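Below is one structure, written out as C-alpha cells; comments come after it.
Protein chains: 2
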Amino acid sequence: MDNRHNIVNLKTYQASCTNCNLKDFCLASHLDVMELEQFERIVERSQPLQRGQHLYRQSDKFHNIYIVKSGSIKNYITMQDGAECIFGFYLPGELLALDSIAKGEYASSAIAQQTTYICKIPYPSFERLCQQIPHLQEKLFQIAASKIAEAYNRQLLLAQRNSEERFAVFLLNQSDQIGKNGYSKNVFYLSMARQDIANYLGLACETISRLFTRFNNEGILQVKKKLIRIRDQKRLMAIASPTGLYPVQTAYRSELNSES
Amino acid sequence: MDNRHNIVNLKTYQASCTNCNLKDFCLASHLDVMELEQFERIVERSQPLQRGQHLYRQSDKFHNIYIVKSGSIKNYITMQDGAECIFGFYLPGELLALDSIAKGEYASSAIAQQTTYICKIPYPSFERLCQQIPHLQEKLFQIAASKIAEAYNRQLLLAQRNSEERFAVFLLNQSDQIGKNGYSKNVFYLSMARQDIANYLGLACETISRLFTRFNNEGILQVKKKLIRIRDQKRLMAIASPTGLYPVQTAYRSELNSES
DNA sequence: CGAGTAGTTGATCCGAGTCAATCGTCGTGG
DNA sequence: CCACGACGATTGACTCGGATCAACTACTCG
C-alpha cells in the first residue's frame, strides 16, 4: 500500500545496467560502454527482499557491497541492551556497506522496509576491477568521500540543531532523494515508522509526532499517516537552515547525481 | 591573517617514509620496499605549521590529502553566522581531507593546534599511483571505510548518549590515540581548549568544565588545566559504555521477522 | 470482532543550556 | 616589577526543550 509509489515493475531485476534507470546515479555512472559491460559481469541480482528481511547483519562475514535498485533499506546497529541506533535510510541509487570494508565483517545491519530490489557486488571482484577501470576506483573514492562529508553534516545536525530543525532537514532530504528518482518532491510516502525517524534524528517518537501535528496545523505540511505533502517548502527550508548552514549546504546530496 | 601560501616546498625535511616511526600506522603501511619507494616519490614535506596556521580552508580548491606527522590538527567548518563546528582532532598517523575528495574544494578547514609536521600527498598523483599499487588502493578504501564507521559511531554518541558518557568516550579516545604514538595512555596533555572539546561533543563549555571538576572530585581523573591523568580507567570505561556499546552480537536474537 | 501495535496527546520532570559573576593566568606596557 | 586588561576556566542560579510516563485512539491483521 504505502509502497505503491516506489515500486518498479517486476522484470527489472533481470535488466542490465545498460538500460537501468539508475545508471546515471549509481556506482556505475560515468563508465563507458566497454567498462559498463565489464562491471556488469560482476554484478549479481536476485529475488527482491520482502519487508523485514535482512540484506546482511552486523558481524556477518563481509563479502559484498550493495546498491539499492528500488524500495528502501534501513541501516542500523543493535546494542547489547537491545536498543537500536539507525544510521540511515537508503533509497534507490545508493551504495550500502561501505562502512564495513575495513573490518572483514559487517559493521551494521541492513533490513528491507518494503519490497526491495538489490544489486549485489562481490567486493574482491570489485576491488580487482578497480585496478582495470580507473574511473571506477575514482568513483568509489568519490562516493566514500561524500559519505564522509554527509556523515559530518549529520554530526553537525545532531550536535547543534534542535528538534524542529532536525526534522525539517530530514523531510527535505527525503524529498530530494525521492525527487531524484523521478517521483514528486512534494507528495511522497515515508517508508519508515515514526519511531525510526525519531531514532534516526536522536529524538523521542512523541517529539516527532508533535512536530508532525504542529507542522500540519501551521500549514507547512499536510500529513495523512505516512503520506506527506509539503505545502510550504520555503518555510520548511527556513526552519532547516535558520541563519544558513555553511556555504554550499546540502550539496553533498546532489553531487552523486548531478553532472560534472 | 591569511596562510593560504604556507606550504613551502623546501626539500629539507628529508625524513623518508622508510624510517618514519609512523610507517606502520599511516597510509603507507603494508607497502613493500619497492612500493614504499614509489609512494615516497609523490609525498612532499615542508616546514612545520605553527599554532593557529591553517593547512587548508573550506572552499579552497582541493589539491592534496595530508597525513599528520607530529603535532595535532583541528578539523572544523565555519557557518554563515560565524559559529564553528568541530568534526575532529587529528593526531599523528591520521589522514586528513578525505571528506573533500568528491567536491573539488575542501569541505572543511584544518588548523594547527600546536607546532605540527605534515606529509602532503597530491591527490591526482596519488590516484594514479593507486592504479599501480593495488595495496595502496586497498588501503585507502579501508581508511575511508573506517572513517565512515567512525563517523557512524560518533553519530550514535551525539544522538543517544548524555554528557558524561560523551565526555568519557572522548577522554578514552584521546588516551588511545596518544597511546598509539608511544606516549603514556594515563597521563597526557589535551591540546585543545575546553570550548573546543565542548563544541566537538555538542555540549556547552560550562558542562565540560563541570564534568572535569566532578571527575576530578570523584577520583576518576586528576586535572591540572590541560594536563590530564586518568586515575580510574575502569570507572571511566564503565561510564563510556554503560550497558555496553554495540556488541559482537550473535544471531540468536530473533526479532520481528528475519532470515533470508 | 478482539488483540496487538503504531501513533497521538497531555502532564510532569530533569539534564544541560544560558546568563552572570568571579577567579586565575598570561602577556603587555608603564 | 607591578598594574592592567584580556581571555579561558570555573562556579552558581535559573530556564527550558525535549524525554519520560501515562492514557487514549486508530489501524491492522488474524
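Chains as they are written, first to last, in the working numbering: chain A, 998 to 1257; chain B, 998 to 1257.
Beta carbons: idealized from backbone N, C-alpha and C, even for Gly.
Just so we're clear, the structure is a prediction, and the values are computed from it rather than from any experiment.
When the Cα of residue i is compared with those of the options, which residue comes out closest?
i, options, result
"E1161(A)", "S1106(A), D1021(A) and E1215(A)", "E1215(A)"
"L1088(A)", "M1189(A), I1217(A) and E1102(A)", "M1189(A)"
"C1127(A)", "H1060(A), Q1219(A), I1145(A) and L1028(A)", "L1028(A)"
"I1062(B)", "R1038(B), F1123(B) and Y1073(B)", "F1123(B)"
"Y1186(A)", "L1218(A), E1041(A) and Y1053(A)", "L1218(A)"
"D1057(B)", "T1075(B), A1094(B), I1098(B) and E1102(B)", "E1102(B)"
"K1100(B)", "Y1120(B), E1081(B), C1082(B) and F1209(B)", "Y1120(B)"
"C1017(A)", "K1071(A), N1178(A) and H1051(A)", "N1178(A)"
"Q1129(B)", "A1235(B), A1094(B) and E1032(B)", "E1032(B)"
"L1233(B)", "Q1192(B), S1067(B), F1164(B) and S1069(B)", "F1164(B)"
"L1153(A)", "L1198(B), D1078(B), I1039(B) and A1235(B)", "L1198(B)"
"E1037(B)", "K1223(B), D1096(B) and C1116(B)", "C1116(B)"
"F1059(A)", "S1097(A), Y1073(A) and P1045(A)", "S1097(A)"
"S1069(A)", "Q1077(A), A1195(A), G1090(A) and E1081(A)", "G1090(A)"
"E1034(B)", "C1014(B), R1042(B) and R1191(B)", "C1014(B)"
"A1156(B)", "A1201(A), R1125(A) and G1176(A)", "A1201(A)"
Counting only beta-carbon atoms, is residue i nearer than 8 Å to chain A?
i, result
"R1151(B)", "yes"
"F1084(B)", "yes"
"D999(B)", "In this prediction, D999(B) has a pLDDT of 41, which is less than 50 and means its spatial position is unreliable; what the coordinates show is noted afterwards. By this cut-off, D999(B) is not an interface position."
"L1131(B)", "For the record, residue 1131(B) in the displayed sequence is Pro; it is not Leu. Judged by the 8 Å Cβ criterion, P1131(B) is in contact with chain A."
"C1202(B)", "no"
"A1165(B)", "no"
"L1155(B)", "yes"
"E1037(B)", "no"
"G1199(B)", "yes"
"E1135(B)", "yes"
"A1025(B)", "no"
"A1104(B)", "yes"
"E1124(B)", "yes"
For residue i, which beta-bridge partners are listed by DSSP?
i, result
"A1107(A)", "Y1053(A) and N1072(A)"
"G1176(B)", "DSSP lists no partner for G1176(B)."
"V1184(A)", "R1226(A)"
"V1040(B)", "DSSP lists no partner for V1040(B)."
"E1081(A)", "T1075(A)"
"I1145(A)", "None, per the DSSP bridge assignment."
"S1067(B)", "Y1114(B)"
"K1221(A)", "L1224(A)"
My output table needs one value for residue i: the three-state DSSP class, helix, strand or coil.
i, result
"N1254(A)", "Residue placement at N1254(A) is flagged as unreliable, the pLDDT there being 36, under the threshold of 50; the coordinate-derived value follows with that caveat. In the structure shown, N1254(A) sits in coil (DSSP, three-state: anything other than H, G, I, E or B)."
"A1216(A)", "Before going further, note that residue 1216(A) is Gly rather than Ala in the sequence given. Coil."
"L1168(B)", "helix"
"S1013(A)", "coil"
"S1238(A)", "coil"
"P1119(B)", "strand"
"L1092(B)", "strand"
"Q1246(A)", "Low per-residue confidence applies at Q1246(A): pLDDT is 35, beneath 50, and the placement is therefore not dependable, though the value from the model is reported in the following sentence. Residue state, collapsed to three classes: coil."
"T1113(A)", "strand"
"I1205(A)", "helix"
"C1018(A)", "The sequence shown places Asn at residue 1018(A), not Cys. In the structure shown, N1018(A) sits in coil (DSSP, three-state: anything other than H, G, I, E or B)."
"I1098(A)", "coil"
"G1200(A)", "In the sequence on display, residue 1200(A) carries Leu and not Gly. In the structure shown, L1200(A) sits in coil (DSSP, three-state: anything other than H, G, I, E or B)."
"F1059(A)", "coil"
"L1046(A)", "strand"
Cβ-heavy atom distance between residue i and the ligand SAH below 7 Å?
i, result
"T1015(A)", "Among the components modelled here there is no ligand, and therefore nothing to report on the ligand SAH."
Does the CB of residue i have a neighbour CB from chain B at under 8 Å?
i, result
"F1185(A)", "no"
"V1030(A)", "no"
"S1255(A)", "Reliability fails at S1255(A), whose pLDDT of 36 lies under 50, so the model's placement of it is uncertain and the value that follows must be treated cautiously. Not an interface residue."
"L1092(A)", "no"
"C1127(A)", "yes"
"K1144(A)", "yes"
"D1096(A)", "yes"
"L988(A)", "Residue 988(A) lies beyond the range of chain A shown here (998 to 1257); nothing can be said about it."
"F1138(A)", "yes"
"Q1111(A)", "no"
"A1235(A)", "no"
"A1107(A)", "no"
"A1190(A)", "no"
"K1066(A)", "no"
For the pair the segment 1079 to 1088 of chain B and the segment 1134 to 1141 of chain B, tell me if three or more CB-CB distances fall below 8 Å. no
Please confirm if the segment 1102 to 1120 of chain B is in contact with the segment 1105 to 1117 of chain A, defined as three or more CB-CB distances below 8 Å between the two stretches. no
Taking three-plus beta-carbon pairs below 8 Å as touching, is the segment 1130 to 1138 of chain B in contact with the segment 1018 to 1035 of chain B? yes
Taking 8 Å as the threshold, find out whether the segment 1040 to 1059 of chain A comes into contact with the segment 1164 to 1171 of chain A through three or more Cβ pairs. no
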